Amino acid sequence: MSKVQLYTWTYCPYCIKAKNLLESKGIPYVEICIDDDSDKKRELFQKTGQNTVPYVFVGDTCVGGFSDLNNLSSSGELDNLINPV
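The opening residue of the sequence shown carries number 1 in full-length UniProt numbering; numbering runs sequentially from there.
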């Protein structure tokens, strides 16, 4: 199973939706809350060129935000990313 990382802000509604989606599918993830962590904010910007959240990574692959995650989940592609053959 590939490691899932989720960059979030505490009160971001789309971050909460992303966490709920992952939890509903039983997918473990590491939450990286960037509220007051300038190093983590910088890390996210270096990886994506963006300062927006949520951002989901599966292994080294940037999945995108909540809409991207939801689309991958609906199409079944998220399962393939999480559990590559």
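Quick reminder that beta carbons are idealized off the backbone N, C-alpha and C, glycines included.
Just so it is clear, the structure is predicted and the values come from calculations on it, not from any experiment.
Three-state secondary structure assigned by DSSP to residue i
| i | result |
| --- | --- |
| residue 46 | helix |
| residue 12 | coil |
Delimiting residues of the beta strand (DSSP E) encompassing residue i
| i | result |
| --- | --- |
| residue 7 | 4-8 |
| residue 32 | 30-33 |
| residue 52 | Counting along the chain, residue 52 falls outside any beta strand (DSSP E), and DSSP gives it neither H nor E. |
Within 9 Å, strictly: CB atoms of residue i and residue j
| i | j | result |
| --- | --- | --- |
| residue 52 | residue 33 | no |
| residue 49 | residue 14 | no |
| residue 27 | residue 78 | yes |
| residue 89 | residue 4 | Here the chain has residues from 1 to 85 only, and residue 89 is not among them. |
| residue 10 | residue 39 | no |
Supposed close pair residue i, residue j - CB separation, criterion 8 Å
| i | j | result |
| --- | --- | --- |
| residue 70 | residue 21 | 6 Å |
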